[in-house]
Every structure is written in structure tokens, then in C-alpha cells.
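Residue numbers (our numbering): 3 to 853.
Glycine included, every Cβ here is placed at the ideal spot set by N, Cα and C.
Take a look at the structure set out below.
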Amino acid sequence: MSVDWREVALRLSSYARECGEEKLDAGQRASLVAIAARMERGYRFTLLADEVGMGKTRIAAALIAAVRDVGGRTAVVMPGGLADQWQSELNAFDRTIPKAPVIRSYQGLIDHVRTTVSEKVRVNGSESRTPENPWLAEPVVLISHTFANMRFPLKAGSGLHWRRELLPAVERAWAGGTRQIRDRGWPEGVAATHHLAACIARTMREENIAFNAARWEQREMEAAKYRTAILPLIGYALGRFDLVVVDEAHKSRGTDSSLSRILGPVTWTDENAFCLGLTATPVEIDAGQWTNTLRRLARRDDAVIVNYLNGEIADAITSYVSVVEDLRTGVPDEGMATRFESAADRMQRALSPYVLRRDKWDDPVYSNFMNTHGDYRCCLPIRVGEPGSANSTGIGSSGGAVSREWLRRIAAAEVLSLIPASSPSEKRLRIAIGRGLALGPVVEAEADEDRPDGPIDAVTAGPTAHWLNILRRDPDPSLHAHPSLRAAVNLIESIACPQDGAEPRKVLVFGTYTRSIQALVDVLNARRLLADRESWHGQTLSAELTAALDHEIGLVPGAPSRQAILDDLSRQSEMRERRIAAVLATLRGSLHGVELNDRFRQALNELLAKREQEYTSRLMQVLEDFREDQGETWTVKAFVAAARHLFEAVENEDPEKANQDEGITLGDGIERILQDYSTRAGRFARELTGGTAPGTRRVLQAAFNRRRSNPMVVVAQSRVGREGLNLHLECRDVVLFHLEWNPAILEQQIGRVDRKGSRWMRDAAAWVETGSVGRPPTINIYPIVLAGTYDERQWTVLQGRWQLLRAQLHGEVLPRHAADGPETVAVIRIRDAAPSFSPAGGKRQRRTSLS
């Protein structure tokens with residue numbers, strides 16, 4: 003039976019009236035009212051495009067609760083790493099919503115059946131009982147964006163060949179047959195697969211869905227074809243959904259992406275279903291992405307909606323972007339104002355039925371601050387190698403001088419990129435060297451990034467020989483000496499370790515290449531080791547950190563030798579290990595008197611079983627970062643609480659990498675987290691890359707969000723850290739170590755710290771309360787730009803794209819020179835006509851957020 007959306011709308015309106023600020027703020031309540039109004043008018047999809055950090059997930063949680071209350075079911079399709087955030091938001095809004103199962107893989111789909119069905123599933127020739135489908139009992143199901151990337155190898159030796167049992171099992175169940183399942187020789191998933199196949203066949207019969215088995219050659223079918231065949235069957239297994247929520251709805255736009263394959267076949271719905279899309283960046287670079295994002299949410303067989311999206315909406319957006327481009331280069335006169343008013347009104351009328359968007363101007367904290375004190379964001383490019391004096395922030399606009407050695411290399415790389423006969427790898431040297439990669443790493447090439455196309459050949463003649471010889475003539479300089487890296491180090495230390503008595507602040511850094519990210523982290527930790535060895539864990543150093551330390555020792559007059567430093571660490575380590583051993587011995591003895599369930603007690607005992615120094619040191623570092631009470635002395639209560647958080651992090655690992663059926667153990671999950679806590683590396687700065695275990699990411703997030711605890715600096719690989727992580731509680735400084743081309747990525751990066759409840763909001767409130775003395779607090783964005791190189795060209799292009807993006811999403815239409823000039827009638831008309839998709843309606847005075 004389909005959901006009555008009028009009843010859902012009534013519940014949303016009730017939430018808007020009755021929920022307090024602790025659950026929903028005024029803007030979120032207004033969004034619920036707007037969604038309810040669209041439901042009552044018969045609309046069946048909405049794009050919630052609020053700016054990063056405005057609380058879209060909480061609005062979606064309220065809608066999910068309303069659908070659950072009227073007997074409906076919801077599928078949330080989200081990036082796999084955001085499952086914890088979704089669980090937390092659902093629980094915060096309504097604690098009666100059961101914990102939603104997460105489907106990240108085909109294994110997880112089958113495991114849920116295997117672990118949920120009460121009796122052991124056994125199918126035999128005489129069995130006639132009606133199987134129960136455990137998925138149908140779930141009111142909310144979380145599905146990872148990458149779920150439809152599942153693999154179905156043909157080779158029996160892969161250990162995954164049993165995955166091809168579902169299609170033939172459904173065929174047999176459809177025909178009324180069964181298959182004998184024996185205990186020996188069959189993986190556990192086979193019995194659950196046959197159970198689920200029987201459920202699928204029954205659902206198809208009840209829904210009068212035909213099954214044409216003749217067109218499938220199951221045993222020899224190629225993997226992609228088999229996956230296509232079973233996706234609808236998985237949809238029938240999960241059951242029909244009334245609400246589909248698509249988080250980060252702008253991602254993976256390709257028709258053959260995993261997300262596109264999930265929407266439709268896996269998220270099985272009828273024509274009455276509602277779809278809610280969530281994204282802060284519905285458009286990134288191409289304005290046509292507006293319609294692409296909306297089309298994903300609309301029913302694909304609704305010709306009227308599809309034609310409207312491709313026709314009127316596409317034309318309205320194109321016209322608006324064209325006028326904005328003219329405004330950026332022309333003078334805002336009366337004629338331009340008239341053109342803009344017409345284009346903006348057309349765009350707003352076309353998108354308003356389907357788009358809701360709040361930005362920071364809709365929040366009174368932000369809007370009151372900006373109307374009184376100006377923009378709360380401050381973009382301060384650090385131009386490496388460009389002479390400049392300190393600006394009003396006290397941080398130099400110049401990143402420092404560039405040595406002649408590096409100037410020669412950078413110039414040679416730039417010239418090589420312009421020579422027509424150069425190979426692709428030679429042309430890309432200007433990007434690689436500017437981004438902090440020396441010649442050696444360029445040859446090696448990094449996976450999944452902007453990488454060179456191959457090694458640099460030994461050229462002895464021709465137009466490229468001279469410039470390649472310049473690159474090779476000098477010894478390959480250390481990455482630790484790269485001018486951009488040195489500028490980043492100086493900047494980060496001025497914020498995280500200020501010498502003027504100011505309070506240290508956390509710093510979030512974004513980069514692309516793992517090699518230069520690691521080099522930056524090593525230099526920061528080496529400098530901390532030189533300055534303060536008291537807080538160092540362990541007595542040995544990694545090879546990478548040793549190289550960085552040797553480099554820094556050579557730069558500091560009178561610095562102690564490496565051996566002297568190691569001797570100090572050895573003495574400290576012995577004392578620390580004795581203290582740790584004493585603490586753990588006390589905890590082991592005290593646990594006997596603590597009331598714990600058997601499963602948790604066994605897990606704690608396993609955690610404390612190993613006594614090697616390296617292991618125990620890492621363990622205490624991990625637990626310290628999970629600890630809520632940052633006191634000097636470990637208590638049993640604090641230890642149990644920290645261990646519980648650690649176990650929860652392990653349980654939330656990808657089921658492909660951790661066996662969830664064994665419960666809380668010292669398995670691969672904890673070992674992976676401990677491996678990330680090498681006592682030979684540092685804690686002041688930590689990297690967050692694709693190789694960082696998911697559990698460790700949660701540890702680092704918790705530790706970074708505490709004021710005084712390490713790490714003070716997190717250097718995140720952009721594709722790992724730009725979405726899903728809340729790093730705002732103690733950080734309002736973002737360093738862009740490697741620049742992006744896509745302004746939407748830039749907004750997502752800044753959005754990690756620009757969120758409700760952020761450090762900036764607390765600092766701003768305190769500043770106002772104390773009489774607004776001195777400069778107001780800001781969220782500071784520091785792009786590292788190597789002046790006079792391709793780096794600077796990239797920054798120029800990114801700024802232009804960023805301005806266009808904010809014109810479409812924030813109504814910031816006029817460039818700064820026009821917005822800050824005399825307020826002519828034309829400027830006022832243009833500013834006031836900017837489109838707004840706020841649920842509260844109305845126009846707002848806006849300023850540009852770019853310097």
C-alpha cells in the first residue's frame with residue numbers, strides 16, 4: 003500500500019511547529035514546511051541544495067521519520083564513509099528509529115540474510131515452508147554509492163564464485179524447484195543466497211513481474227552482464243521503497259556509474275514514491291549539471307518532467323549564466339540590469355518548484371555578522387616567491403624566496419611544457435614540480451591522480467635536451483626543500499605554534515599527491531621533534547621522518563645531532579613504557595570489578611592480552627585519541643569508554659575487510675588502526691589518505707575536534723577528506739597545499755570547517771560579547787601559489803570558476819570591484835534581483851566571498 007503523502011506533509015508541518023532548536027533550527031523547520039507544500043501539490047522529487055554545513059542530513063532525517071511513522075520505507079543512497087553520520091543524525095532526531103543496516107557490498111547484502119534469519123537456512127527437495135525476507139522488516143536501509151560496483155568473477159579459484167548462485171537460484175525458485183545444499187564444500191553465503199532467491203521469486207509472483215530465464219546464460223555470462231541481470235532482483239529482495247534519499251546527489255553523473263545503476267533497479271519504487279536529493283554543489287563547472295542532477299531525481303519514464311528539464315529549465319539556466327558572464331567583464335548599466343532581472347526571474351521560476359537552497363545568509367548568526375562586520379571568510383593566497391610585506395593578518399602574503407636551484411628547475415619544466423616535440427610526461431613536469439614533486443617522484447607516477455604518462459626518456463639531442471639536462475644537472479633536490487612546502491610549513495606553524503603568545507589553532511590542509519603530503523607531514527613532525535621531545539612516543543624514527551629530521555637539523559644552527567635526539571627519545575621511552583605497563587596492569591586487575599556483558603569483557607581481555615612495548619604504546623595512543631576525558635590519569639571508566647569507541651569504529655569497517663559476524667574482536671580492524679599509529683612517526687601532524695583505515699579516520703576526526711589534543715594539523719588527500727568529515731569544532735584555518743580545478747571541490751573542502759556549531763561561530767559570539775575589540779574572527783583560506791608558474795594560472799582559472807559557481811548558488815553576481823563601488827541604481831537592481839531558492843522566500847543583500 004502506497005504512502006499517503008498528505009499525511010506525511012501533516013507530520014512535517016507538525017515537526018516544524020513542535021521541534022525545538024536542539025533538533026531543528028528555524029531554517030530547517032522552514033525547509034520541512036516547504037517540502038510538505040510540494041508534496042501536497044503533487045510534486046514527487048525535491049533537490050535540497052543547502053550550502054555545506056547547514057544541516058541537510060537533519061532535514062532528511064525528519065522526513066525519514068515522518069515516512070516511517072505512516073508505515074513507509076526509506077532507502078538512503080550515500081557515500082559509504084557517511085554511514086556513521088547518517089546513523090547519528092537519525093538517532094538524534096528520533097531514537098525510536100532502529101539502527102539502519104548498511105549495504106556496502108554484495109557480501110553485506112547476503113550476510114544480513116544469513117545473520118538475521120533466526121534458524122539455519124536449509125533448502126531441500128521436500129521443504130515447502132514460506133521463507134521470510136529480513137530486508138522487508140527494515141524501515142530504513144543505507145546503501146553505499148559504490149554498491150553496484152560488485153564483482154562476480156568466473157574463476158572458481160577466486161573464492162567468490164558462489165556469488166553467481168543468485169540468478170540460477172531465482173530461476174529454480176521461479177519454476178518451483180529447489181536445490182540440495184550440503185554443509186560440506188559450500189560457503190556459508192550459498193544457503194542464505196537460496197533463501198533470498200526464494201523470497202525474490204515469491205515477490206515477483208505477487209507483483210506479477212515476469213522472469214524470462216531463457217535470455218540468461220548464467221554460468222558463462224561475463225561479470226558486467228551478470229551484474230546487470232541481478233540488480234533488479236536485488237531491488238525485489240530489498241522490497242519496494244516509498245522514499246529514496248540520494249546524498250551527494252551530484253556525484254558520479256555518468257549513466258554507467260555505480261550510483262546511476264543503483265537508482266532505479268536497486269531502489270525499487272512505484273509512481274507514487276518521493277525522491278529527495280541532497281547536495282551542496284548541484285552544479286560544479288558546467289551549468290548543464292543543474293538538469294543532470296535534477297533528472298537523476300525525477301522518474302525517468304515521466305516524459306513531461308524530462309522534457310521540461312531538457313527544455314525550459316535548461317534554457318533558463320543557460321540564459322542566466324550568459325548574462326552573469328557579461329556582468330563579470332562589463333559595466334553594470336541600466337540595460338544590463340534589465341537583462342539580468344529578466345534572466346534571474348526566469349531561472350528562479352523554472353527551478354523553484356524543484357529546488358530548495360539555504361546559504362549562510364539564511365542563518366541569523368552569519369547574516370548578522372556579515373551585515374555588521376563584513377565577510378566571515380577571508381581568502382589569503384600565499385604567493386611563493388613573490389616579494390610582499392605582511393598584510394593585516396600578520397601573515398606575509400609572500401611565501402618566501404625561491405632558491406636559484408629551484409628557479410632553474412621550475413623554469414626548465416615550464417619551457418618543456420611549451421615545446422611541441424616534448425613527450426606528455428615532459429609537458430606535465432610543470433604541474434608536478436609546482437605541486438611539490440621533484441623529478442624522481444615524477445618518474446614513479448602516483449596512482450589515481452594527475453600523473454605523468456610515463457618515464458622521462460634520456461634525451462641527448464633535440465630541442466628538449468638542453469632543458470632536460472638542466473633538470474638533471476643538479477642533484478635532485480629534496481622534497482623537504484621545495485619552496486611551496488617550506489611556505490606551507492611556515493604558515494602552518496604560525497597558526498598551530500604561534501610565537502607571539504596567541505592561542506594555538508588547529509589547521510586543516512588539503513593536498514593531492516600522497517608523496518608530497520607525506521613530505522609535508524614529516525617536516526612538520528621533524529620540526530616539532532626538534533622543538534619538543536617530551537611529548538614524543540617511541541624511541542625510533544621511520545626512514546622518511548629520519549630524512550626530514552636530517553634536513554631540518556641542517557637548517558637550524560646549533561641543533562643537536564640525530565644521535566643525541568635518539569638518545570633522548572630512548573631515555574624518555576623507557577620511562578613512558580614503564581608508566582604504560584603500570585597503568586595497563588592496574589586496568590587489567592580493576593576490570594574484574596566492573597559490570598560488563600560477556601562479549602564486551604572478552605573483547606577487552608583480548609585487547610589487553612598483548613604486552614609488547616610497541617603494541618602497548620600504539621594502543622594507548624589510539625585510546626588517548628578516543629578518550630573523552632583528557633585528564634592526566636587513566637581511570638577504569640575512561641579506559642572502558644575509550645575502548646568502546648574503538649570497538650564501534652572497528653564494527654563500522656567495510657564488511658569486505660572485517661568479519662562482522664564475529665562481533666567485537668582484535669581482528670583485522672583494530673590491527674589496521676594500530677598500524678596507522680606508528681611510534682616512529684609523529685602525532686603533531688597526521689596524514690589522511692586513501693591508505694588510511696576507515697577506523698583511523700574516525701579516530702583522527704575525534705582527536706582533531708578537541709582543542710588541545712594532537713593532531714594539531716591534519717593533511718588530507720582531497721578525494722578522501724573533502725566530504726563526510728566534520729572537522730569544524732576546533733578549526734577555522736584551511737590551507738590549500740595543492741590547488742583544484744573544480745570550485746565545487748573547493749567549497750566542499752572549506753565546508754569541513756564552515757559548519758553550524760563551528761569554532762568560528764563560538765569565536766565570533768565571544769568576540770561580539772567582549773565588545774568587538776580588534777579584528778573580527780574569520781574562517782581563513784590559504785591557497786599556496788607558486789608565483790609566475792602554471793600554479794598561478796590554475797589559481798586564476800579556479801577563481802573565475804569559483805565566482806561563477808557562487809553566482810549560481812549564492813546570488814553573488816557582481817565581481818568585487820563592482821560590488822564595492824558606488825551603489826548605482828543598476829548595481830542595486832542587479833544585486834536585489836539575484837535568484838533565491840530559500841524556503842523562507844525574499845531577497846537578501848549579499849557580498850562576494852572572494853578576495
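- Burial check for V246: the Cβ neighbour count within 10 Å reaches 16 or more, so the residue is buried.
- Taking a contact as a CB-CB distance under 8 Å, the pair G82 and S146 counts as one, their CB atoms being some 4 Å apart.
- R359 is not a Cβ neighbour of Q805, given a cutoff of 8 Å.
- C-alpha of R75 to C-alpha of A67: approximately 10 Å in a straight line.
- Secondary structure at G692: coil, using DSSP grouped into helix, strand and coil.
- When the beta-carbon positions are compared, I232 and L168 come within less than 8 Å of each other.
- DSSP places P785 within a strand segment (E or B) once states are collapsed to three.
- A straight line joining the alpha-carbon of A85 with that of V143 spans about 10 Å.
- The region 583 to 597 and the region 532 to 546 do not touch, with fewer than 3 CB-CB distances between them shorter than 8 Å.
- According to the DSSP assignment, Q109 belongs to the alpha helix (DSSP H) that extends over Y108 to T118.
- Bridge partners of M80 according to DSSP: S146.
- In the DSSP assignment, G279 falls outside any alpha helix (DSSP H) and lies within the beta strand (DSSP E) extending over F276 to L280.
- By the neighbour-count criterion, in which 16 or more other beta carbons inside 10 Å mark a residue as buried, L738 falls on the buried side.
- Within the model, the alpha-carbon separation for T698 versus G813 is close to 39 Å.
- Boundaries of the beta strand (DSSP E) around R379: R379 to C381.
- Per the DSSP secondary-structure output, T293 pairs with nothing in a beta bridge.
- The beta carbon of I582 sits closer than 7 Å to those of T618, S619 and M622, all from its chain and outside the five residues before and after it, given in chain order.
- With a contact defined as Cβ atoms closer than 8 Å, Q520 and E689 qualify at about 6 Å.
- The beta carbon of R31 sits closer than 6 Å to those of A18, all from its chain and outside the five residues before and after it, given in chain order.
- Here the alpha carbon of A704 sits roughly 22 Å from the alpha carbon of R682.
- Assignment of Q801 by DSSP, reduced to helix, strand and coil, places it in the helix class.
- In terms of Cα proximity to Q565, the closest of G591, P559, L532 and E576 is L532.
- In this structure, H740 places its C-beta atom within 8 Å of the C-beta atom of T514.
- When the Cα atoms are used, D272 and L265 turn out to be separated by approximately 13 Å.
- Under the 8 Å Cβ criterion, the region 51 to 71 counts as touching the region 90 to 107, having at least three qualifying pairs.
- Minimum Cα-Cα distance from Q810 among the listed residues A38, L240, V285 and R207 corresponds to V285.
- In the three-state reduction of the DSSP assignment, G513 falls in the strand class, which pools E and B.
- When the five nearest sequence neighbours on each side are left out, the beta carbons in the same chain lying within less than 6 Å of the beta carbon of R808 are those of E814, in order along the chain.
- Among the bridge pairs identified by DSSP, C733 is matched with K508.
- Across the structure, E416 and R406 are spaced so that their CA atoms are roughly 15 Å apart.
- V755 carries a coil assignment under DSSP once its states are collapsed to helix, strand and coil.
- In the structure shown, V285 adopts coil according to DSSP, grouped into three states.
- Going by beta carbons, F213 and F47 fall outside the 8 Å limit.
- Taking 3 residues as the minimum length, the beta strand (DSSP E) runs contained wholly in the region 350 to 382 are 379 to 381, in order along the chain.
- DSSP, reduced to helix, strand and coil, places I105 within a strand of the structure shown.
- Rounded to whole angstroms, the separation of the alpha carbons of C21 and R40 is 21 Å.
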